[in-house]
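Remarks on the structure that follows.
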Amino acid sequence: MKKKAWKLIQNDWTQGSMARTKGGKPCSLKDASKVCLAGAVLRVYGIAVMNLFNESFSRSMGMGPVTWNDAPERKKSEVVKLLKEYNL
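With the sequence shown counted from 1, adding 22 to any position gets you this note's numbering.
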């Protein structure tokens, strides 16, 4: 069974950077312990799916996934729910 992006978020999630170390410092996706919404999709599915997701998300939500993820009021549970709705 293919890994799901929501499982990465469920383990640990971040805002303000696509990827972070356990200590909270920004890092590359390959070194990340925490990822944001876009980072999870990119890490699991690659750039082609990330681009399609970005277009679809932006059309339906009126903003990009990074802006949505980084909203101060955003909760990890909302990010997990959204990824499950997209079956990612």
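For every residue, glycine included, the Cβ atom is placed at its ideal position computed from N, Cα and C.
What number of angstroms, rounded off, separates the C-alpha of residue 75 from the C-alpha of residue 110? Position 53 of the sequence shown, counting from 1, holds the residue named residue 75. Position 88 of the sequence shown, counting from 1, holds the residue named residue 110. When rounded, the distance between both Cα atoms is 9 Å.
Do residue 98 and residue 32 have their C-beta atoms closer together than 9 Å? Numbered from 1 along the sequence shown, position 76 holds the residue referred to as residue 98. Numbered from 1 along the sequence shown, position 10 holds the residue referred to as residue 32. Yes, the Cβ-Cβ distance between residue 98 and residue 32 is below 9 Å.
Report yes if the C-beta distance between residue 105 and residue 25 is below 9 Å; otherwise report no. Taking the first residue of the sequence shown as position 1, residue 105 is located at position 83. Taking the first residue of the sequence shown as position 1, residue 25 is located at position 3. No, Cβ-Cβ distance for residue 105 and residue 25 is not below 9 Å.
Check for me: the alpha helix (DSSP H) holding residue 67 runs from which residue to which? Residue 67 sits at position 45 when you count from the first residue of the sequence shown. Unbroken alpha helix (DSSP H) run through residue 67: 59-67.
Tell me whether residue 70 is buried or exposed, calling it buried when 16 or more other Cβ atoms sit within 10 Å of its Cβ. Here residue 70 corresponds to residue number 48 of the sequence shown, with the count starting at 1. Exposed: under 16 other Cβ atoms inside 10 Å.
If I'm right that residue 73 touches residue 37 with Cβ under 8 Å, what's the distance once you round it to whole angstroms? What you label residue 73 is simply residue 51 of the sequence shown in a count that begins at 1. What you label residue 37 is simply residue 15 of the sequence shown in a count that begins at 1. That belief does not hold up - the Cβ atoms of residue 73 and residue 37 are roughly 22 Å apart, past 8 Å.
Identity of the residue in 81, 82 and 51 nearest residue 68 by Cα: One-based indexing of the sequence shown puts residue 68 at position 46. For residue 68, the nearest C-alpha among the options comes from 51.
Measure the C-alpha to C-alpha separation of residue 44 and residue 64 and round it to an integer number of angstroms. The residue given as residue 44 occupies position 22 in the sequence shown. The residue given as residue 64 occupies position 42 in the sequence shown. Each residue's alpha carbon lies about 19 Å from the other.
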